[in-house]
Structures are given as C-alpha cells and as structure tokens.
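Under the UniProt record's numbering, think of the first position of the sequence shown as 1, with each following residue one higher.
These notes concern the structure reproduced below.
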Amino acid sequence: MDLLPADREDSPLTQLIRKYLNEEEVQLVWQAYRYAEQAHAGQTRKTGEPYITHPISVACILAKLHLDLPTLLAALLHDVVEDTEVDSAAIAERFGKQVADLVDGLTKLDKVELQTATQAQAENFRKMLLAMSQDVRVILVKLADRLHNMQTLEAMRPEKQKRIARETLDIYAPIANRLGLNPIYHELEDLSLKYLYPNRFRVIDKAIRLARGNRKEVISKILEAIQNQLKHYQLEYDVAGREKHLYSIYKKMAEKSTKLSQIGDIYGFRVVVKDTAACYLALGALHALYKPIPGRFKDYIAIPKANGYQSLHTTLFGPFGTPIEVQIRSQEMHNIADAGVAAHWLYKTTDAHLTKLQQQTHQWLQRLVEIQTESEDSHEFLENFKVDLFPDEVYVFTPKGNIMALPRGSTAVDFAYAVHSDVGNSCVAVKINNELAPLRTEMRNGDHVEIITAPLAKPNPAWLNYVVTGKARSHIRHYLKTVKVEESAQLGERMLNVALRAMHIEPAEIAEKQWQKVMNDYGTKTRQGILTDIGLGKRNSLMVAHQLLAHPADADDKSSKVLDTITIRGSEGMAVQFAPCCRPIPGDPILGFINKDKGLVIHTHDCPAIRKFRLDPEKWLDVEWDADPKKLFSVNLRITVVDERGMLAKVAATISNADANIDNVSVENSDGSQYSNVNFTVQVHNRVHLATLIRNLRKIQQIVRINRVKGNQVEQRIQ
1 MDLLPADRED SPLTQLIRKY LNEEEVQLVW QAYRYAEQAH AGQTRKTGEP
51 YITHPISVAC ILAKLHLDLP TLLAALLHDV VEDTEVDSAA IAERFGKQVA
101 DLVDGLTKLD KVELQTATQA QAENFRKMLL AMSQDVRVIL VKLADRLHNM
151 QTLEAMRPEK QKRIARETLD IYAPIANRLG LNPIYHELED LSLKYLYPNR
201 FRVIDKAIRL ARGNRKEVIS KILEAIQNQL KHYQLEYDVA GREKHLYSIY
251 KKMAEKSTKL SQIGDIYGFR VVVKDTAACY LALGALHALY KPIPGRFKDY
301 IAIPKANGYQ SLHTTLFGPF GTPIEVQIRS QEMHNIADAG VAAHWLYKTT
351 DAHLTKLQQQ THQWLQRLVE IQTESEDSHE FLENFKVDLF PDEVYVFTPK
401 GNIMALPRGS TAVDFAYAVH SDVGNSCVAV KINNELAPLR TEMRNGDHVE
451 IITAPLAKPN PAWLNYVVTG KARSHIRHYL KTVKVEESAQ LGERMLNVAL
501 RAMHIEPAEI AEKQWQKVMN DYGTKTRQGI LTDIGLGKRN SLMVAHQLLA
551 HPADADDKSS KVLDTITIRG SEGMAVQFAP CCRPIPGDPI LGFINKDKGL
601 VIHTHDCPAI RKFRLDPEKW LDVEWDADPK KLFSVNLRIT VVDERGMLAK
651 VAATISNADA NIDNVSVENS DGSQYSNVNF TVQVHNRVHL ATLIRNLRKI
701 QQIVRINRVK GNQVEQRIQ
C-alpha cells in the first residue's frame, strides 16, 4: 500500500475513515497522525521506511473493520509512549483518558527490570491480556500491529523472524481465531508458516498456483453448475470460489502424514444466501446436484463455534472425482465470519446472535481475569492462557440441555470447572450419557454430562495430569498452594528436624538470628514459608539445615561446625535442579547456588550466569558429584554435517551405539547450503561418556564440526 501523509484527502487512511466517521472525527484522526509523526521524527523501521508508516498501516487495518475513533487514535499513538519521550499523561491530556488507557494496555514493560527475556514476554502478555479483559479494543489494535509487523518481517534477521513467527502462531493467531477475526487469523498463520518453514511454504504455494491453472476449466464448470442449481430452486445467492489457506493445507499434511498430491480439496466454494432457512434449502439443492461425502458434513448453524462462527460445511463428489468443499451461510453469518467480535463496530445491527457473541467474548475475557488471579507468576498465567486457546472444540450437553463448548481433549473435570469453580472443586464422579465413567474420561461431541459432587470433596493433585483447560488447571493449583499450607508446614518441620539431628544438632539449638538470616536469603517473611516449601518438595531439608548452620548465632564462635560437602547423585528430584544455562554433568566442576524460588541449583564453576553472585559466598554451598550417579544427564550438541541423504540416521545410530540416549533432535534448514546444523539433546553418564561419544562421532567423515552448547551459546568447541 502506498502510504501518503495520512492527513491528505487522497491518502488510504482518509479514504477509509471518511466512509463512516464525521468531519470532526476525521480532523481528530489527522491531529493524532501529526502528533505521532512529530514524536517519531527521525526514527526509521528496519525496512528503511519512516517509522510513522507503521502506525498508519495499523490504523488502516482497523479502519477496514470500521473501528471507532478512540481505537484509531490509539493505533496511531500505540508506540509513542514506548519509543519516544511522550508519556501516558501527555496522551490523556491531549486525546483523553480512554485513548491513554488503550495505549497503556499496549505498551511493553521495558522500564521494569525482569530476569529473562522469557519472563519479560510473559509479563507483557499478562498486562496486555488483562487490559484486553477491560476493553477488547486493546487486543484488536495489538492484532493489527502484529499483522503489519508480520507483513514487513523480511527486514529482520532469520533467527528473529523465526522467534516472532513462532510467537505469532502460538499466541496471536489463536486469539484472532477466538475473536472470530478470520481474515486476520488466516493471514497470520500463512505468514508464520512462510518464516518458520520457508522451503515448505514455497513448495505448497507453487503447487497451489499450478493446481489453480490446471483446474481452471473444471472449477468454472462446477461454479456454473452450482449457480444453475440454486437458480432452479429459486434462491437468492452469491457464490464465490475460495482457495484453502496455505497453513491449513500444511497442517492437514502434517496431521495425516499425506503428500500434497493427496490433498484434493484445496479449492472450495462459499454460498451466501438470504437467511437461515435458505441455508438448509441450498444444502439440499447441492446434495441433489453432487453426492455428499459421508462424514464430511458439519452444522455450525445449529451449534455455532465459540467465536460465533456459523455456517454449513459439506464436501461433495464433483465431476472427475474432484472433492468440492462448500460453505453455506446467510449474509449476517458472513459478516460475523469476516469481522467476528469487531462486527459490533462494522455492522450497526441489533442481531441477536451478535449480542450473544459479545456475551461469549466477555465471558472468555472474564475467565482470563479469573485465571490470572489464581496464577502466582507470569509464566503460569501464560501457560494457562495458551491451553485455553484451543481452536478445535467439542460440544456437550448439560443435564438441563444447554450446550457447552470445550477444547478438544477436555475431560469430565474440565467440564466440571467450566460449569462453576465450586462444582469442579467438589466433584467426585461423573455420569456420561446416564452411565458412570471415570473423571479422566475425555468428552466427545454430543455427550450428555452430569457431575456428581460431595460437600467435603476436595481437588485431587492427580487431576493436573489430564486436565487441559486453563480454568481447571489454575483452580487446582490454587487449591494445592493454599489449602494444604498447614499440613505441609508440619511435614516440613518434621523433615528439617530429622536433617538437623542427622548432623548432631538439636532443633532447639537454632537461634532466631540464624532463622532470620535464612529467611532473608530465601526472601520469605515467615519461618512457616520455608517449612511449607520443604513439605511440598520445593526445598531440600538437608540444604536448609546446612544453610541454618552456615550462620552461627555467635559470629565469633570459632568452634562452629565445619559443614560437610553435599554430594549430588542426580536423583534428588525437584529439590535439586541442574541449571539449564550450563547443563552440568558429572565431571564438570560445580557450585551449588541457593535460589529463593527454585531451591538448590547446580551450576558449572565457569557459568557466565553466576558471575555477579560469586562475591556473595553466603548464597553458595559446597557440592561435589557422587562417585556413581544414578542418573543420565542431558547435554546439548550442535553438529554441522554435509547435507546428504541418510546423514541424520547415521548420526543417530552412532549416538545410540555409544549407549547414549537421544532426548530431542532438531534440524536447521540449510536453505541451499551444502551443510546443515543438527541440534541433539543427548543423555550421558558423565564427561568421560560424553568424550567417548564425541570420539565416535568424529569417525563420520561427513561431520564438519561438533560443539557442546550451553544455554543459547556455544560455550565449548569440541573439534
């Protein structure tokens, strides 16, 4: 799109907003544009264009949906607070508090010091989604912002392209789908595929273009036949051809392990008729024209999708055996299918279904608020939010005959929490289609589900192994973290007393000053907090005992006990963790770092992540490897190989023959180069075992380089 200055009459933005805004509102949009242009003066995008072209493009995407004035102003100003000296107060003073609140909901938390990039990302999502729960327009601007960034992603480095594309596919595309914004949803998916798997994208795109040319005559005949049939039944209609989206074709190939040549229905038709009755009449007419394929009919009119989508889907046997997928819907349904929740602004209508869609969206957003109040940190909130974004759903009936939509794979426990949190917390059994069934039973379309509760029943920790919805998971975790605190503290106290007596110290000998020092180290205000963590398995009782004795009550007491070195066997479970930044293995020199959230964390002595803590000896414990660890330890290897057939199998066989276990493998596409990088996570006993494995790998002539990878950096070159 050629973006002229947005305050010119012939600019794309002005042409879009003049279709539905009055003159006073148009002038306000121009004022926001000039304000943003001045604030971003001198800034450019990675593409080399002036930065102001980005907010204008975002505003154009939203103007096509006829979004209201505050949303357009927020779109033009959405990066001003983040990237310039302007603050929210200045925005509120110039354009009003509503616009400032929208901009604030979109502003990242760059000014807050966060430990990791992942934590920053999770906290950004948390803030954005909570702002969205107050005003859905926040996410509409954010989706338009992400769409334009994806459209101009070619200017980024390949590794950043992949990271942004993965984030888009995991978070933003499902949100667009959940809100019914189908065109944005499909474009985000296709663009993500383009940057995540460029070769696959090019192959599928080329094949579709070729198929389009080969089938042009057949498609024209089918289109003419459908039009004649609908005329014969005296229906008012609009028929259009519709190509399947690239990502949906790729996903079908991946799920069914089929070749592209076997995906027959890459082209379909959309029939738009007057009303609901005409939809079913058109369905009958088309079934009379071409035979339907059994099992390929879906009625989303009687049971709409959770995002409000309604249509009849059927697949027909066309001429020459060509499968034809047809969608049949009314004009109102078509409006919602294109604009989703934004149809509230795009189509000024009192349509009852649109009102219901708004209610469903509001309920979903409120569920997000409920999940976040019971999630202690941003990572947990993001995890629970992700599992709540399932695109595929099953529809089940309550005892009163109401229909509930649940993510595919949901169990009876998920259903119970979907009804009400109290029902979930107290459920003891379930009847599915009037027969008793286990609570772990997965729901199927059409099931009649009745939950049986008991007043004294409590959530079972084992439920976390099979629930899939964020609401169920957050409620169960909340219970486990709060209700059992007292019991856990009692258990933790007993475990700590045993550890102290094993070191010939009576618990009563530990002074309050010693406890206070340990509480400060762990960042907790009460002794009970430490005891509770021990009881829940979050802390090692032996480690806490060592820490207490490391701070004698009399600092000048030269006769204080010299602590033994803690031996690491690798079988301590949650209480001892191996740092993912350096992945220590037996034979590596190690140190034990006391982390207030994770307990005892083992690092290699040269790990860059711990340099700033090395001057604080009170946070360290002496640790050493057990002579015979009863565990395999993970190591990341990056192997550069000549890109030829059978290489992956040859390398994998060598690793297996060396008595090492392959935990994970990924291949970085060579994109035309003669070399490929293969990333292995292998499990070995110790450094000697690793060295033996590497010697065996060096014997493969096609291997160019082997690196041991620590975290995201190559810390040690083996060859």
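Here a beta-carbon is modelled for each residue, glycine too, at the ideal position from N, C-alpha and C.
CA-to-CA distance, Val651 to Ile700, given in whole angstroms
8 angstroms
Does Ala41 come within less than 8 angstroms of chain C when only Cβ atoms are used?
Although the question refers to chain C, the structure presented lacks it and comprises just one protein chain.
Using DSSP's beta-bridge definition, name the partner residues of Asn679.
Arg638 and Ser666
Closest to Val138 by C-alpha separation, out of Ile164, Ala100, Arg163 and Glu154, would be which residue?
Ala100
What is the DSSP secondary structure of Pro586, reduced to helix, strand or coil?
coil
Return helix, strand or coil for Gly105, following the three-state DSSP convention.
helix
Looking at Val239 and Gln227, is the spacing between their C-beta atoms short of 8 angstroms?
yes
Use the C-beta contact count for Ser192: other C-beta atoms within 10 angstroms, 16 or more gives buried, fewer gives exposed.
Ser192 should be labelled buried.
In this structure, how does DSSP classify Gly268 when only helix, strand and coil are distinguished?
DSSP, reduced to helix, strand and coil, places Gly268 within a strand of the structure shown.
Is the CB-CB distance between Glu325 and Val273 below 8 angstroms?
Their beta carbons are not under 8 angstroms apart, which means Glu325 does not touch Val273 by this criterion.
In whole angstroms, what separates the C-alpha of Asp275 from that of Ser311?
11 angstroms
Counting pairs of Cβ atoms below 8 angstroms between the region 153 to 169 and the region 281 to 299, do you hit three or more?
no
Taking Ile476 as the reference, give the member of Asn460, Tyr466 and Thr398 with the closest Cα.
Asn460
Pull up the distance between the alpha-carbon of Gly523 and that of Ile534, whole angstroms please.
15 angstroms
Nearest to Pro629 (by Cα), restricted to the options Asp170, Pro584, Ala412 and Val80:
Nearest C-alpha to Pro629: Pro584.
Rounded to whole angstroms, how far is the Cβ of Thr411 from the Cβ of Arg440, which I believe are closer than 8 angstroms?
5 angstroms
Of all the options Ile219, Lys46 and Leu143, which has the alpha carbon lying nearest to the alpha carbon of Asn182?
It is Leu143.
Would you say the region 89 to 104 touches the region 45 to 58, given that touching needs at least three Cβ pairs under 8 angstroms?
no
Spatial neighbours of Glu450 within its chain, please: CB distance less than 6 angstroms, with the 5 preceding and 5 following residues excluded, ordered by chain position.
Pro399 and Lys431
Where does Lys291 fall in DSSP's three states?
Three-state result, Lys291: coil.
Hey, Leu637 and Val682: beta-carbon distance below 8 angstroms or not?
Result yes, Cβ atoms of Leu637 and Val682 sit closer than 8 angstroms.
Quick check on Asp414: does DSSP put it in helix, strand or coil?
helix
Excluding the 5 residues preceding and the 5 following Ala32 in the sequence, name in chain order all residues of the same chain whose CB lies nearer than 7 angstroms to its CB.
Leu73, Leu76, Leu77 and Phe95
Pair within 8 angstroms by beta-carbon distance, Val136 and Val103
Not in contact: Val136 and Val103 (Cβ atoms no closer than 8 angstroms).
C-beta contact flag for Arg687 and Asp588 at 8 angstroms
yes
Run the CB neighbour count on Tyr675, radius 10 Å, all protein chains shown included, and call it buried at 16 or more, exposed below.
Exposed.
What residue from Asp414, Asn425 and Gly446 has the CA that sits closest to Lys458's CA?
Asn425
Cβ of Leu600 within 7 angstroms of any heavy atom in the ligand ZN?
Among the components modelled here there is no ligand, and therefore nothing to report on the ligand ZN.
Got a sec, what are the start and stop residues for the beta strand (DSSP E) Pro407 sits in?
Unbroken beta strand (DSSP E) run through Pro407: Ile403 to Pro407.
How about Cys279 and Ile328: are their beta carbons less than 8 angstroms apart?
yes
When burial is assigned at 16 or more other CB atoms within 10 Å of the CB, is Leu283 buried or exposed?
Counting Cβ neighbours within 10 Å, Leu283 comes out buried, since at least 16 surround it.
Across the region 464 to 481 and the region 509 to 517, are there enough close Cβ pairs to call them in contact, namely three or more that are closer than 8 angstroms?
no
What does the Cβ neighbour count give for Asn465, buried or exposed, with the cut at 16 atoms within 10 Å?
Exposed, because fewer than 16 other Cβ atoms sit within 10 Å of the Cβ of Asn465.
Buried or exposed by the 16-neighbour rule on C-beta atoms within 10 Å, applied to Arg539
Burial call: buried.
Along the beta strand (DSSP E) that carries His313, what are the first and last residues, could you check?
Leu312 to Phe317
I'd like the ranges of any alpha helix (DSSP H) spanning at least 4 consecutive residues and lying wholly in the region 471 to 552.
485 to 502, 512 to 522, 527 to 535 and 541 to 549
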